[in-house]
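Asker: Please read through the structure below; I'll follow up with questions.
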Amino acid sequence: MYLLIPAAGMGRRMGSQRNKLLLTLLGKSLLSWTLEAAFKSHYINWIGIIGQPVDFPDFQKMISGLSTNKSIELIEGGSTRQESVYKGLQALPPEAEQVLIHDGARCLATPELLDRCAEEVVKCPGLIAAVPVKDTIKVVDSSGLIQDTPDRRNLWAAQTPQGFEVKLLKECHEKGRQLGWEVTDDAALFEKCGLPVKVVAGEETNLKVTTPVDLRVAEFILTEALKKEEG
Ligand code: CTP
Ligand code: MG
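Counting along the sequence shown from 1, when you hit position 200 you're at 337 in our numbering, and nothing is skipped either side.
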């Protein structure tokens, strides 16, 4: 299975001077944790890390310090996540039929989740990992007034991995570029093209490390997970 890891962001909401994926979490970079989960997956054998060239020396150093028998490629990303994934898709080997896309910033995803998605993606055109939302979600207009309260039972929080048939996802990306669609995940492109996207059970602990608070929460989750592993 082919895996693309978008890792070309700036981490603006983290407020750090550089890519947040190079920040340290319990002695290892966020990206190292993400890569280690991918290394432990039974199905993934090719990993494309999508990054900004300025970060490549750090990425290289990181990869050389980790042991794996999987193929790893560094791919130059773009100015948005959508653009980065587009470039990642162009860099896939031609024989790739399905692809999983997993954000570098979701560094707590387990190998089991990656494997669950890898097993499912060969059976459907598109899928995402997601969890039921815990908060009540409000639709609010620009004047700050609530317009709607959607039934929470129908609401799911999208995560990654997301997985797709490569040919279809490439077509959706092309159409999105032509029509100027701006989306924050790949499933949205699929949906806009009228293609079905299945939901696979995600993990409550699979948070996207976005702000400094997330980093502290991630540290706690990881510490607990390591204790469990040892005990
Ligand atoms: N990403 C990417 N290319 C971009 C922007 C984002 O590959 N041009 C990646 C990030 O590295 C991250 C994932 O997409 O792994 C999810 O993005 P996000 O959490 O928003 O990360 P950043 O864009 O780095 O953070 P921010 O939006 O706060 O600047
Ligand atoms: Mg971003």
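No residue lacks a Cβ here, since even glycine has one placed at the ideal position from N, Cα and C.
Taking residue 270 as the reference, which of 256, 287, 263, 254 has the closest Cα?
Answerer: The candidate whose alpha carbon is nearest that of residue 270 is 287.
Asker: Out of curiosity, what's the CA-to-CA distance linking residue 351 and residue 345?
Answerer: 8 Å
Asker: Keeping to the same chain, check which residues put their C-beta closer than 7 Å to that of residue 254; ignore five residues upstream and five downstream.
Answerer: 237, 264, 266, 298, 300, 337
Asker: May I ask which residues mark the beginning and end of the beta strand (DSSP E) holding residue 338?
Answerer: 335-338
Asker: Between the stretch 166-174 and the stretch 240-258, can you find at least three pairs of beta-carbon atoms closer than 8 Å?
Answerer: yes
Asker: Is residue 302 closer than 7 Å to residue 89 when the C-beta atoms are compared?
Answerer: Residue 89 is absent from the structure shown; the chain starts at 138 and stops at 368.
Asker: Would you list the one or two residues that DSSP bridges to residue 269?
Answerer: DSSP output for residue 269 lists 293 as bridge partner(s).
Asker: Determine whether the Cβ of residue 258 lies closer than 7 Å to any Cβ atom of chain B.
Answerer: You won't find chain B in this structure, because it holds only one protein chain.
Asker: Any idea which residues DSSP pairs residue 200 with across the strands?
Answerer: Beta-bridge pairing links residue 200 to no other residue.
Asker: From residue 340 to residue 235, what does the alpha carbon distance come to, in whole angstroms?
Answerer: 22 Å
Asker: For the ligand CTP, which residues have a Cβ under 7 Å from at least one heavy atom, in chain order?
Answerer: 143, 144, 145, 146, 147, 148, 149, 150, 151, 156, 157, 158, 187, 214, 215, 216, 217, 218, 220, 221, 240, 241, 242, 345, 347
Asker: From the DSSP secondary-structure annotation, give me the bridge partner or partners of residue 285.
Answerer: 276
Asker: What separation, rounded to the nearest whole angstrom, lies between the Cα atoms of residue 231 and residue 179?
Answerer: Those two C-alpha atoms are separated by around 22 Å.
Asker: Is it right to say residue 357 is buried, meaning 16 or more other beta carbons lie within 10 angstroms of its own, or is it exposed?
Answerer: exposed
Asker: With a CB to CB cut of under 6 Å and the five nearest residues on each side skipped, what residues in its chain are close to residue 347?
Answerer: Within the same chain, residue 347 has close Cβ partners 150.
Asker: What separation, rounded to the nearest whole angstrom, lies between the Cα atoms of residue 256 and residue 296?
Answerer: 17 Å
Asker: Give a yes or no on whether the C-beta atoms belonging to residue 228 and residue 212 are separated by under 7 Å.
Answerer: yes
Asker: For residue 330, tell me which candidate among 343, 307, 349, 342 has the shortest Cα-Cα distance.
Answerer: 307
Asker: Look at the alpha carbon of residue 278 and the alpha carbon of residue 284, and state the distance between them as a whole number of angstroms.
Answerer: 6 Å
Asker: Report the option in 290, 181, 206 whose CA atom is closest to the CA atom of residue 268.
Answerer: 290
Asker: Applying the criterion that 16 or more other CB atoms from any shown protein chain within 10 Å of the CB defines a buried residue, is residue 221 buried or exposed?
Answerer: buried
Asker: What would DSSP say about residue 317, mapped onto helix, strand or coil?
Answerer: coil
Asker: Under 7 Å Cβ to Cβ from residue 312, same chain only, skipping five residues before and after it: list those, please.
Answerer: 330
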